[in-house]
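To keep things clear, I will list the structure first and then write my remarks on it.
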Amino acid sequence: MEMTFLLLVLQFLIVFKVTEGQCDSNGKCVCHCENCNPKCIACLPGWSGSTTNLCQKRNAFFHPNATDKLFDGDLNTYKMAEGRDPFFRVQYNYSTEIDQLDITAVLENGIPYTIFVKQLPYTRDKLEICSKFTYSNRSITKTVTVTCNRPLQGKYIEIVASSSTETTLKVFEIERFGDCFSCISGYYGVRCDKKCSSGCQDSCNMTSGFCVCKPGFYSNNCSLQCPTMCFNSECHQEKGTCLACNYGTYGDRCDLKCLGDCNGQCDRRKGICGICAKNKYGTYCNQTCPINCAAGACIRDTGYCKKCKIGYMGDKCNESCPDHCVYCDQNGYKCQTCANKRYGVQCESICPLECGENGSCDIETGICDVCPAGYFGKSCTQRCSEWCDSSNICDQITGQCQNCIAGRYGPNCLEQCRIQCVNSTCFSNQTCAHGCEDGWFGAQCDNKCNAAVLNCVQCYLMDNAPVCTHCADRWYLMETNCIKCPENCSLCVSSEECLECKNNFYYGKTCNLTCNTACIKKTCDITGSCRHGCDNSKYGKECDKDCMKHCKTCLNSTMCLECEAGYFGKSCTMCPENCKKCENRSTCTHCKIGLTHDNGKCLEKNKKHPDATCLGGGENNDSNCNDQRHCYENAGISVYNTRGSQALLEEIDPDEQDNDTDVDEFESHDYVNVNMTRISLQRLWEYKLQNAANDLMNTEFETLPTGLLLKCKEAKKSENKKRNRYKYVYPYDANRVMLSTDGEKLINSYINASYINGFEAPKEYIASQGPFTDETVADFWRMVWNENVNTIVILINLEEAGVENESRTVEQFHFTAWPEKGLPSTVNSILDFWRKIRSKADITSPIVVHCSAGIGRTGTFIALDILINQGQKEGSVDVVSCVANLRYQRTHLIQTVEQYKYLYSAVTKELTGKESGIQENEFMTYYSQLKHNDQLTGRTFIEEEFDLIEKLAPGFDENRYQTAKAVNNRHKNRHSNILADDNFRIHISRQGSDYINAISLPSVQQNVAYIITQKPLPETVDDFYLMMADQEVNTIVLLDNDADEVFGNGCRSKNETFSQNLFELNPQEKTTFGNIELLTCHFHDDHALISRVVKLYHGRFWNENRLVPNGFQSMISLVETILIRRREQNENPIVVVCRDGAQRSGLFCVLANLVEQIQLSGSVDILQTVLNVRHRRPQIVPCLEQLEYIYDFIENYLESGNKV
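Residue numbers (mature numbering (1 follows the signal peptide of the UniProt record, and there is no 0)): -21 to -1, 1 to 1183.
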């Protein structure tokens, strides 16, 4: 209640700016006291009220120079009248509204007083009475507040004391308080208690309430609304007549309908239309224009057409144009447009036959509008220069080339660009188009870096001065000069830090130390680690540790790989007497000179002996030994495939005869000859991306040693055969795990498991075959007990191929996300698993690692652990050497090239934090981050990713395009810079030349899944159909809008290879879904050797001259349709066609690969996929806009939820 009262009071004070409130909104009052400081004691004349509030009441009647004592503000002066009915009349300066007065007078007992407020001085109408009152008390001087019965207007105030006897009227002052100085907007009156009309524009006159009107209102106080049909509701403020009318009406109040069919307003006075509606004419627009008027427009007065529709002429366009004339002028004399490739005043002449496109020519001169590519002249009969770029026509009039082929410039491309220009390309002013080759600078690349800055091999021009960016070998860059490296440096960054030493004979920060002479070839890396292994019975990274006595080559102090003659085994035990070589204490393999070998013994020469161990047991002259195929050979060749996507492991048949070959002792081992492949962590991310794209990882994998590299006789013994699950997967004798025996029940020490050395410690792991029978399960736990193992890493599901591998009775780390014949979807899962294992504080070596065979997944995990350890401690990794050395400890550790690539990805992610593969549930967050700016560069991360793609793209190598650039094949290329790489091009079965500008692209599961090619030229249509026949193509994706001349109406193609066959591709049925047309065609030849249905999907959702398609849904539909089609057609490749065979078709194949990745693994790798296809055709995804479209496409695909 109190709050409501307070709000009402505040509202009152806001509305009425009365004299009681001469204070601002902050409560600061204006002082009206005689002396304001320090304290208000008395009010100034004309002011009254509380002194505490600084006298805020103002007397409106007060004037300091007033002549009338009743208005002088002095309560000590007065007027007095005596007699019957005495009165005083005072005049105010102007007429005002009065509703209350304060009168200070001597009041007499029983006297009635009447107060009048009047306009005229001498009237006393009862309507002019403000108030009457009678004083009943003893005589007293008093201020009486008189409130009028109603507000009265006037400038005369009269006070009458009514008495029948003589009396005295004595008055000191008449005061009037409470008038407003001004009103807030929307109010008026002396007390601002009257509301302005709602039609007022803003405030109104404080006295009268008159105001300026809002649109739609009129009258003095804007209380009346304008007529409803006034235009914009505007009318005259005083009269209320409309200023303008709405369409279709007229009159002062716009209440009359226009006279006729108007287009817009009519005359406000007369109602006649200003403009007629479409198809109407006449004074009142009530007549219809002739039917053949263009756009229905005719002249208002006559009804004549302003212009005729195409094909008509005459005032009213009721006559047809002359023959062959599509559009003529209105009088019919001259044709504006001709039909049927004609020209002339009335289209009487035929255009030259050589005119290009639709064969049209200029209607007046007959000059061809466009010439076919390669021709120019008025009639297109002249050939352009052979050096013009085939993708562009030359100038139709002058014949000057619009663009030259790479390496040429000038009007007719007769001049050769400087070879110092990158790709030998330049502009017409000889300025190099793509910059300079290394060693040159300047706009025309005609200045040598070395001449400007001594020993500089790469530079650029800035502010007209050369700036060196790279120095020659054995020199380094300091500011702008090249300074010589220390003496034995071949590459350095300063005088105190070498990156590479001369001939690899030296090491150290300044290459001041010589490699250990025990290093093979006496070479080492910059840290002193021997590059090719050790010689002279040494081991260790720097070959500074001695092998055991009688050992020529060893892995460490306890494991010899090659003993001196007369010694054997990993500890180099002495052979029996007379043995030159042996495999154990009782069996010789080679005898000393003068002795002969007989059944493992060394005897005198007169004893018979076989020269070779035969399968039939005969001597060298027996028939069983005549065929060399019956003799054992010392070959370490793998008998199962490790080069494909999956290694083929063949399980052992217990009933099969054992034909395993064995490995003799090596004088030297292959693995020590592995080239130096150490990679710094700074280079690792780009190295992994680039080498995955250009297939160098496959090459690396191919170089690794394969097969059974060391002896494994114990594994091949007949009693141990049942303990081996797979053929040729055996532990080497030198480092196999040996089970303890008790001489009675446990008499066999064999288990298919191998000790593996770690990065720094020997026997850090045991790589084991997974137990598969009750007997091997028991052996497995014997090994765990004997070796004091407390950590087991299991890399298989509990069941594979329906066989339960083992029961889990101890704490184990079990990774279930690794399928038997594949890889985990991303590296994150295996890294999380690895971190969980390494976080265990009480691991004691060795760690047992096993999968099914104990080689593929097992080797990958062990290599991962070793390489992460190496990278963290040395700042570099050597994957090739690591895997090569692992394979000398257990055959085929890391079994497939896919596992090898996966190892690279996992090591790279852990050591650099970078990974290109993204889980689909993390994609949106990842893409959002790519759009942010890098604070260091100010560019978005997706821009930097495109820069990385450009950086890692392969440079132009002419050797890769020899066939495409051959003279007899040049005309088959639409563009001189988009050619088919010899490594990936499609070969056609044509005599003379098998070239077509088409290359293969892989999918996730298939090496030749797509063939991308340019839209066939007129002279290559035949090659295109021949390729379809050779590759058994039954699906085509067409992404060129203008290709109907090749695919639209059926084509016939003459071919020499198929016995003069005539190929035909005939459309039979056409269906449309969205922006995609599906043509079902019959592809056949005239000998019926080929006859099949081909489906052609034509995507019409790509505007010309745009780098990306319109939207995403049509592309998503096409990609999903093609993926379904691929699954249905198995191995048949999909041909994807666009104009240049790169920009559109390449983008489609990238998107199809990415969607397939999501469908198969739930993850997507955009960066690596783009790099992979650009290695085959560099013009694919050529710009940032296409890369952004790829990310947006995947975002839309995931949001759509359409997973085929």
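By construction, the Cβ of each residue, glycine as well, lies at the ideal position given by its N, Cα and C atoms.
>> Quick test of the definition: if touching needs 3 or more C-beta pairs under 8 Å, does the stretch 532 to 540 touch the stretch 559 to 577?
In response: no
> Mind pulling the alpha helix (DSSP H) runs of 4 or more residues that sit fully within the stretch 355 to 426?
Replying inline: none
> Taking Cβ to Cβ, would you say residue 943 is nearer than 8 Å to residue 931?
Replying inline: Against a cut-off of 8 Å, the Cβ pair of residue 931 and residue 943 comes out as no contact.
> In whole angstroms, what is the alpha-carbon distance linking residue 75 and residue 242?
Replying inline: 57 Å
> Just checking, does the stretch 762 to 772 make contact with the stretch 823 to 836 on the three C-beta pairs under 8 Å criterion?
Replying inline: yes
> Closest to residue 539 by CA distance: which of 555, 521, 556, 515 is it?
Replying inline: 515
>> For residue 1150 and residue 1110, I'd like the C-alpha separation in whole angstroms.
In response: Taking the straight line from one Cα to the other gives about 24 Å.
> What are the uninterrupted segments assigned as beta strand (DSSP E) that are 3 or more residues long and contained completely in the stretch 938 to 982, given in chain order?
Replying inline: 964 to 966, 974 to 980
> Whose C-beta lies closer than 6 Å to the C-beta of residue 1038 among residues of the same chain, with five residues either side of it excluded?
Replying inline: Confidence is the limiting factor: at residue 1038 the pLDDT is only 36, short of 50, which leaves the residue's position unreliable, though a coordinate-based value still follows. Counting only Cβ-Cβ distances below 6 Å, and skipping sequence neighbours, we find nothing.
>> Looking at the strands, I want to know which residues DSSP matches up with residue 468.
In response: Looking at the DSSP assignment, residue 468 forms a beta bridge with 480.
> Once you ignore the five residues that flank residue 416 on each side, which residues in its own chain have a CB closer than 8 Å to its CB?
Replying inline: 398, 399, 400, 401, 424
> Between the beta-carbon of residue 734 and the beta-carbon of residue 745, is there less than 8 Å?
Replying inline: It is a contact, given that the beta carbons lie within the stated cut-off.
> In chain order, which alpha helix (DSSP H) runs of at least 4 residues are fully inside the stretch 193 to 267?
Replying inline: none
>> Out of 466, 474, 446, 445, which one is the CA nearest neighbour of residue 455?
In response: 474
>> Using a Cβ distance threshold of 8 Å, determine whether the stretch 23 to 43 contacts the stretch 94 to 105, with at least three qualifying pairs required.
In response: no
>> So, at 6 Å on beta carbons, what are the nonlocal neighbours of residue 1168 in its own chain, with the 5 sequence-adjacent residues on each side left out?
In response: For residue 1168, where only same-chain residues beyond five positions count, the Cβ hits under 6 Å are 1087.
> In the DSSP assignment, what are the bridge partners of residue 811?
Replying inline: Residue 811 is not bridged to any residue.
> Per DSSP, residue 36 forms a beta bridge with which residues?
Replying inline: 27
> With residue 201 and residue 212 assumed to form a contact (beta carbons below 8 Å), what rounded beta-carbon distance in angstroms separates them?
Replying inline: Actually they do not touch by this definition, with Cβ atoms about 13 Å apart.
> Pick from 252, 247, 248, 270: whose alpha carbon is nearest that of residue 258?
Replying inline: 270
> With burial defined as no fewer than 16 other Cβ atoms inside 10 Å of the residue's Cβ, what is the status of residue 380: buried or exposed?
Replying inline: buried
> Where does the unbroken alpha helix (DSSP H) through residue 1145 begin, and where does it stop?
Replying inline: 1145 to 1155
> Is residue 1003 helix, strand or coil when you go by DSSP?
Replying inline: helix
> Just the Cα atoms here: how many angstroms apart are residue 61 and residue 115?
Replying inline: 20 Å
>> So, for residue 691: in the same chain, excluding its five sequence neighbours on each side, which residues have a beta-carbon less than 7 Å away from its beta-carbon?
In response: Excluding residues within five positions, the ones whose Cβ falls inside 7 Å are 709, 710, 711, 712.
>> Threshold first: 3 residues or longer. Then list the beta strand (DSSP E) segments lying entirely within the stretch 683 to 746, N to C.
In response: 715 to 717, 729 to 735
>> Buried or exposed for residue 1139, going by 16 or more other Cβ atoms inside 10 Å?
In response: exposed
> For the 8 Å Cβ check, are there 3 or more pairs between the stretch 522 to 531 and the stretch 539 to 549?
Replying inline: At 8 Å Cβ cutoff, the stretches touch.
> Do the stretch 666 to 679 and the stretch 800 to 807 make contact, defined as three or more Cβ pairs closer than 8 Å?
Replying inline: no
> Alpha carbon to alpha carbon, what distance is there between residue 388 and residue 1156?
Replying inline: For residue 1156 and residue 388, the distance between alpha carbons rounds to 25 Å.
> What span of residues does the beta strand (DSSP E) with residue 533 cover, start to end?
Replying inline: 530 to 533 is the extent of the beta strand (DSSP E) around residue 533.
> Under the rule that 16 or more other beta-carbon atoms within 10 Å means buried, what is residue 17, buried or exposed?
Replying inline: exposed
>> Buried or exposed, going by whether 16 or more other CB atoms sit within 10 Å of the CB of residue 15?
In response: exposed
>> With DSSP as the reference, identify every bridge partner of residue 1078, one or two as the case may be.
In response: 1055
> What are the boundary residues of the beta strand (DSSP E) that residue 909 is part of?
Replying inline: Where residue 909 is concerned, there is no enclosing beta strand (DSSP E), although the alpha helix (DSSP H) it sits in stretches over 902 to 909.
>> How far does the beta strand (DSSP E) with residue 316 in it extend, from its first residue to its last?
In response: 314 to 317
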